[in-house]
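Peer 1: This is the structure I have questions about; it appears just below.
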Amino acid sequence: MQIKVKTPAKINLTLEITGKRPDGFHELKSIMQMINLYDYLTFNIEKSDKTEITLAGTNPNIPYNEKNIVHKAITLFMDKISAQPHKISVYLEKNIPSEAGLAGGSTNAAGTFLVLNKYFNNPLNKEELHKLCAILGSDLNVCLEGGCTLATGRGEKVLPLPFREYPVSLIKPNIGISAKEGYQKYAELKNKPNKNNTDKMIEYLKNNIDIKPLLYNDLETAVFNHFKDLQKIKFANKNSIMSGSGSTYFVLEKTINPVENFWIKTDLKTIPTGCEII
Numbered sequence: 119m120q121i122k123v124k125t126p127a128k129i130n131l132t133l134e135i136t137g138k139r140p141d142g143f144h145e146l147k148s149i150m151q152m153i154n155l156y157d158y159l160t161f162n163i164e165k166s167d168k169t170e171i172t173l174a175g176t177n178p179n180i181p182y183n184e185k186n187i188v189h190k191a192i193t194l195f196m197d198k199i200s201a202q203p204h205k206i207s208v209y210l211e212k213n214i215p216s217e218a219g220l221a222g223g224s225t226n227a228a229g230t231f232l233v234l235n236k237y238f239n240n241p242l243n244k245e246e247l248h249k250l251c252a253i254l255g256s257d258l259n260v261c262l263e264g265g266c267t268l269a270t271g272r273g274e275k276v277l278p279l280p281f282r283e284y285p286v287s288l289i290k291p292n293i294g295i296s297a298k299e300g301y302q303k304y305a306e307l308k309n310k311p312n313k314n315n316t317d318k319m320i321e322y323l324k325n326n327i328d329i330k331p332l333l334y335n336d337l338e339t340a341v342f343n344h345f346k347d348l349q350k351i352k353f354a355n356k357n358s359i360m361s362g363s364g365s366t367y368f369v370l371e372k373t374i375n376p377v378e379n380f381w382i383k384t385d386l387k388t389i390p391t392g393c394e395i396i
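FYI, in our numbering the residues of the sequence shown are 119 to 396.
If you want it as structure tokens, here you go:
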């Protein structure tokens, strides 16, 4: 059987770090918003004598083996439901850049859970799917929930917020910033920011007030001085904000001012959905 899923990118309208957790992760308060920049994953699934997982795709810079989060998601799901052996092949059409702060891997994994749940006749309800998401990473739950979401904890606790449609444009320099690096830089900050923009933005969303003045990211504050490419983006687009741990910046506008030969994607928009089988 062949099943295809589209998995959208996310941007962080706010990202505020409120503390350090006993498990080593940081405590977050972030408003995340899905946008209509999609990866497309095509699954071919059939019964077999033994479970085999094969991955391929369009991005040569990511691993297509057990290190790929899609591979991990398949293994986790199959173990969870004690599935009979199957041969599962996945082709990843990657449009979301990696190490970009756009949840490219996380959204692929959340979409994988949806596909397998459909194939096996929905053995897991939404709450159980969310529990699997939380095991694999911090952004998966948001990608499963979709729309505009308040994420707390390390990002795995999600609460839907009022959706507002905005145009979105993205710009990414020719560098990636890992989440680990972003949080390390934050830990090194002597004066930690304390904006509390997230709570203010929730009120703005509920009262239909323009949220653009409240866009904010603690991790941008942490990494900005370490990367000249980020400074170039900000100089050309003073209202731009970094998404996640970077390195992508966004504006809630139809266009964005280009910088050198940086990757640009314009004419996007916010969407009220998450991963969807098509």
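Virtual Cβ for every residue (Gly too), placed ideally from N, Cα, C. Computed from a predicted model, the values in this text were never measured in an experiment.
1) Does Phe353 pass the burial test, meaning 16 or more other C-beta atoms within 10 Å, or should it be called exposed?
2) If you draw a straight line from the C-alpha of Cys266 to the C-alpha of Asp167, how long is it?
3) Please go through the same chain and pick out, in chain order, the residues whose beta-carbon is closer than 7 Å to the beta-carbon of Ala403, but skip the five residues on each side of it.
4) Less than 8 Å between C-beta atoms, sequence neighbours within five positions excluded: which residues of the same chain meet that for Pro376?
5) Going by alpha carbons, who is nearest to Pro181 out of Lys212, Lys198 and Tyr156?
6) Exposed or buried, Lys303, counting other C-beta atoms within 10 Å across all chains shown (16 or more means buried)?
7) Out of curiosity, what's the CA-to-CA distance linking Pro280 and Asn325?
8) Apply the 10 Å Cβ neighbour rule to Asp197 and answer buried if 16 or more other Cβ atoms are within range, or exposed otherwise.
9) Considering only residues of the same chain and omitting the five flanking positions on each side of Pro94, which have a CB-CB separation below 8 Å?
10) Is the Cβ-Cβ distance between Lys330 and Leu370 less than 8 Å?
11) What do you reckon, are the CB atoms on Thr125 and Cys261 nearer than 8 Å?
12) Count the other C-beta atoms from every protein chain shown that fall within 10 angstroms of the C-beta of Glu263, then say buried if there are 16 or more, exposed otherwise.
Peer 2: Taking the geometry as given:
1) Result: exposed.
2) Cα to Cα, the separation comes out at about 42 Å.
3) This structure does not reach residue 403, given that the chain is present from 119 up to 396, and the question cannot be answered.
4) Taken in chain order, the residues that qualify are Ile289, Ala354 and Ile382.
5) Ranking Lys212, Lys198 and Tyr156 by Cα distance to Pro181 puts Lys212 first.
6) Answer is buried; the Cβ neighbour count reaches 16.
7) C-alpha separation (whole angstroms): 9 Å.
8) Counting every other CB atom within 10 Å of its CB across the protein chains shown gives Asp197 a total below 16, marking it as exposed.
9) This structure gives no information on residue 94, because the portion of the chain shown stretches from 119 to 396.
10) The criterion of a C-beta distance shorter than 8 Å is satisfied by Lys330 and Leu370.
11) Yes, the Cβ-Cβ distance between Thr125 and Cys261 is below 8 Å.
12) A residue is called buried when at least 16 other Cβ atoms come within 10 angstroms of its Cβ; Glu263 meets this threshold and is buried.
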